[in-house]
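Quick note on the UniProt record's numbering: the sequence shown kicks off at 1 and runs consecutively.
Beta carbons: idealized from backbone N, C-alpha and C, even for Gly.
Here the structure is laid out as structure tokens; the discussion comes afterwards.
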Amino acid sequence: MMFTDEKLFTKNGYFNPKNDVIWADDRSDANKRGELHSMQQYPVSVMVAVGATWYGLTRLYFFLKGEHLTDQSYQDKLLPFYKEEGERLLRHKNWDFQHDGASSHTADKAQK
Numbered sequence: 001m002m003f004t005d006e007k008l009f010t011k012n013g014y015f016n017p018k019n020d021v022i023w024a025d026d027r028s029d030a031n032k033r034g035e036l037h038s039m040q041q042y043p044v045s046v047m048v049a050v051g052a053t054w055y056g057l058t059r060l061y062f063f064l065k066g067e068h069l070t071d072q073s074y075q076d077k078l079l080p081f082y083k084e085e086g087e088r089l090l091r092h093k094n095w096d097f098q099h100d101g102a103s104s105h106t107a108d109k110a111q112k
């Protein structure tokens, strides 16, 4: 069994304004305590994919600059990568592939 996931890492880090609450009397008070988060509009980012099996992790797959995960890139690049890594880690045993419900994973092309 191989479980996989993809993640976009940005220079901004992770901040969810809906869930991260700042308690302060006013904006300047929050700013003094360093609790205001500034975010760049187009931060430096990298997208990485990895798989996990009982026998270990796959190598990291780094997307090219400007490349995004689409149903086509998932089918053309990631699925062959995961298959190759699965064969390497699981030593040609019968194994299953488990992916999540991301739209690129559930597209008709990727399911065939």
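Which term fits Glu85, buried or exposed, when burial requires 16 or more other beta carbons within 10 angstroms of its beta carbon?
-> Buried: at least 16 other Cβ atoms inside 10 Å.
So who's on the other strand from Glu6, going by DSSP bridges?
-> Glu6 pairs with Ala49.
Thr58 versus Glu87: straight-line alpha-carbon distance, rounded | The straight-line gap from Cα to Cα measures roughly 10 angstroms.
Please confirm whether Leu8 and Met47 have their CB atoms less than 7 angstroms apart.
-> With contacts defined by Cβ atoms closer than 7 angstroms, Leu8 and Met47 form a contacting pair.
Nearest candidate by alpha-carbon position, reference Ser45, set Arg91, Phe63 and Thr10 | The residue with the shortest Cα to Cα distance from Ser45 is Thr10.
Below 8 angstroms CB to CB, which residues in the same chain sit around Trp95 once its five sequence neighbours on both sides are set aside?
-> Here the set comprises Met1, Met2, Thr53 and Gly86.
Does the beta-carbon of Leu64 have 16 or more other beta-carbons within 10 angstroms, so that it is buried, or is it exposed?
-> With fewer than 16 other Cβ atoms within 10 Å, it is exposed.
Where do the N-terminal and C-terminal ends of the alpha helix (DSSP H) with Lys83 fall, by residue?
-> In the DSSP assignment, Lys83 falls within the unbroken alpha helix (DSSP H) covering Leu79 to Leu90.
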